[in-house]
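Numbering follows my numbering, in which position 39 of the sequence shown is assigned residue number 41; successive positions increment by one, without gaps. Note that CB positions come from ideal geometry on N, CA and C, so glycine has one too.
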Amino acid sequence: MNIWALDKHQDIRHVLLLLQEQLGPDAFVVDAVTSLDPRAIYLLHREEPGVRAWLYTLGQSPDRYGVHLEYPYSTDTHENVPLAELVAMLAVHFDVATIRPLP
Numbered sequence: 003m004n005i006w007a008l009d010k011h012q013d014i015r016h017v018l019l020l021l022q023e024q025l026g027p028d029a030f031v032v033d034a035v036t037s038l039d040p041r042a043i044y045l046l047h048r049e050e051p052g053v054r055a056w057l058y059t060l061g062q063s064p065d066r067y068g069v070h071l072e073y074p075y076s077t078d079t080h081e082n083v084p085l086a087e088l089v090a091m092l093a094v095h096f097d098v099a100t101i102r103p104l105p
């Protein structure tokens, strides 16, 4: 998927590129179907249909992110998360074994 072609705010497209760089291009699936605010997007687990993350920049400080980690029967909400913490949370959430450093 071409992230820059998504109808999303530049901040969302930018963080998606950073996440793909650190977690790998196959770490998650971008839900381009569910219509949300341009500053929010759903990321889906590749194998577990009930596991997804709602990533957003709405109401967050600069260079910080909000994320709802969704499981089949619960949700964990985190606000104003720095990139390094977001990467670590999503690695666990999406079963990614290795986090790669940014170039």
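Please report the distance separating the alpha-carbon of residue i from that of residue j.
i, j, result
"D28", "V98", "9 angstroms"
"A90", "L21", "10 angstroms"
"Q24", "L104", "6 angstroms"
"K10", "H95", "23 angstroms"
When burial is assigned at 16 or more other CB atoms within 10 Å of the CB, is residue i buried or exposed?
i, result
"A86", "exposed"
"Y58", "buried"
Locate the beta strand (DSSP E) running through residue i, then write down its first and last residues.
i, result
"D33", "V31 to D33"
"V83", "S76 to V83"
"L46", "A42 to L46"
The alpha helix (DSSP H) that contains residue i, what's its start and end?
i, result
"R66", "R66 -> no alpha helix (DSSP H), and no H or E assigned at all."
What distance in whole Å lies between the Cβ atoms of residue j and residue i, which are believed to be in contact at a cut-off of 8 angstroms?
i, j, result
"R41", "D13", "7 angstroms"
Checklist entry - Contact between the segment 78-90 and the segment 58-69: three or more CB pairs below 8 angstroms? => result Contact holds: three or more Cβ-Cβ distances are below 8 angstroms.
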